[in-house]
Structures are given as structure tokens and as C-alpha cells.
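Here the working numbering is used: the first residue of the sequence shown is 127, the next is one more, and so on.
Note that CB positions come from ideal geometry on N, CA and C, so glycine has one too.
Notes follow once the structure below has been shown.
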Amino acid sequence: MGPQPRQSAATALTRRAALAGVALGWLADPAHAADVVDRLGIPGPLAFDGTSYGLAWSAHPSPTYFKQEYLPAGQVSASYDSMLIVEVLDGGASVQSALAAQVRLLNQRKGKDPLVKLDVIQNSRTGEALLDFLISARNAKGVEIVEWNAYRYVPRKAGDGREGVMLFAVSRRAYGDDKIRGFLTDLKTKRPADINRLARHALPTARIAR
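Structure follows, in C-alpha cells:
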């Protein structure tokens, strides 16, 4: 399935609706880079695996839903190699409901994307869940893109005391057959290392302005 235009957070196959949809929903949005507002009190930079990530984009699709993307210097959202994602659903969802929605969309995608793979790790002690998955698509020029994501879902109390969710995620991509082959080979060792790193990483502290 090819990339789709940006849609609402509740719609399947949004590019960056990690709490409600699958990745790879868009690949080129001229207005994307212009919308950079720190709505979570996490201006960055964020560090992951020795790389510094600066705030590159943010959105506030609904009164309770906030999402922000972070990229290394020199990378852009339409052609990034690695990205960090922070999202907050400030009430109205649980870790399990957010996880179930994502898994359902990935399973639906399998009929159109033969590369789809996913795995879930649950932490009963903390209430967290970690989903990692592999997907693919072609851009408008017909270039094959493979994307691996690891989503860490963390329970969070909303401002009104309701159950909410914070997501902290890493996304990695490769473009074109030659790079994809190396990417998939490297993923055999990088995947478990990234999962372990993400699971142990100190969470950024979100402070939503009221």
C-alpha cells in the first residue's frame, strides 16, 4: 500500500498517529516542517544511542492528543533515517486500548504489505507495553521504503485524573533495494539493542499547558 495523505489521529494509516494508526501514511508534506510548536514542554534535544534529536514537528489534533517528532540535524521527515516520537493522549485511553488499536491496524495491513511483522512485550509490573513492527511502502516516485518502529506505551494520569497514555518511540528507515537489504540484515542485531535501549530509556517529562 502506498503512502497516504495526513489524516486525523483516529484514522488508520496516519503517518504519525502512533497512538492510533500505522506509520508510513505520508512522505512529502511541504507544510510539515513549518509547524513546530513545543506543546509538551519537551523542546529537545533528546539523546538516543549517542545521537541528538531536535524537535522537527508537532501537532495537536484534538484537545487531548499531542504528538511531536524529533530528528537528527540535517534530516527531514520526508526522507529521514531515524526519528524519535513523543505522544500524549491526555485521557480517554489506556495502554491496552492504544496497543490493541495499533496491532489491529497492522494485522489489517498484512493483506497489502507482505513485509509486515510485529511483536509485543508486556510489563505487568509497570503496566507498560512495547510494540515493535516492520512495514513497507513505495513513495510517489516508486522507491521502496522499509520502516521499523518500536513504540513504548506508558500509562499516564490525565490532568483530570482519567487514564491516559504516553508514547515514546524510535523509528528507522531505509530507501531503495540496495539499502533495504543491508537495513534488514543489520536489523537482526540492531532491533534487540534498540528495544532494550528504548525500554530502559528515561522518559521525557511532558508538561501540558492548561
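- Comparing C-alpha distances from Leu324 to each of Gly290, Pro330 and Ala276 shows the shortest one belongs to Ala276.
- In this structure, Asp216 places its C-beta atom within 8 Å of the C-beta atom of Ile334.
- Judged by pairs of C-beta atoms under 8 Å, the region 202-217 touches the region 287-299, as three or more such pairs exist.
- For the pair Ala173 and Tyr196, the CB atoms are not nearer than the 8 Å cut-off.
- Per DSSP, Gly302 lies in no alpha helix (DSSP H) segment and is marked neither H nor E.
- Between the alpha carbons of Ala227 and Glu273 lies a gap of roughly 19 Å.
- By the neighbour-count definition (other C-beta atoms within 10 Å, threshold 16), Val202 is an exposed residue.
- Taken atom to atom, the span from the alpha-carbon of Asp320 to that of Ser188 is near 30 Å.
- Beta-bridge annotation (DSSP): Val246 is paired with Leu257.
- Distance check between Tyr301 and each of Val291, Leu256, Asp175 and Ile261 places Ile261 closest, using alpha-carbon atoms only.
- For the pair Val246 and Leu231, the CB atoms are not nearer than the 8 Å cut-off.
- Counting every other CB atom within 10 Å of its CB across the protein chains shown gives Ala199 a total below 16, marking it as exposed.
- When DSSP assignments are scanned along the region 257-291, the uninterrupted stretches of beta strand (DSSP E) that are 3 or more residues long and fall wholly within it turn out to be 270-283.
- Per DSSP, the continuous beta strand (DSSP E) segment holding Ala182 begins and ends at Thr177 to Ser188.
- Annotated three-state conformation of Leu197 is strand, per DSSP.
- Leu166 and Val214 do touch by the CB rule: their CB atoms are close to 6 Å apart, below 8 Å.
- Within the model, the alpha-carbon separation for Thr331 versus Gly180 is close to 16 Å.
- Under a 10 Å Cβ-count criterion, Arg326 is classified as exposed, with fewer than 16 other Cβ atoms of the shown protein chains found around its own Cβ.
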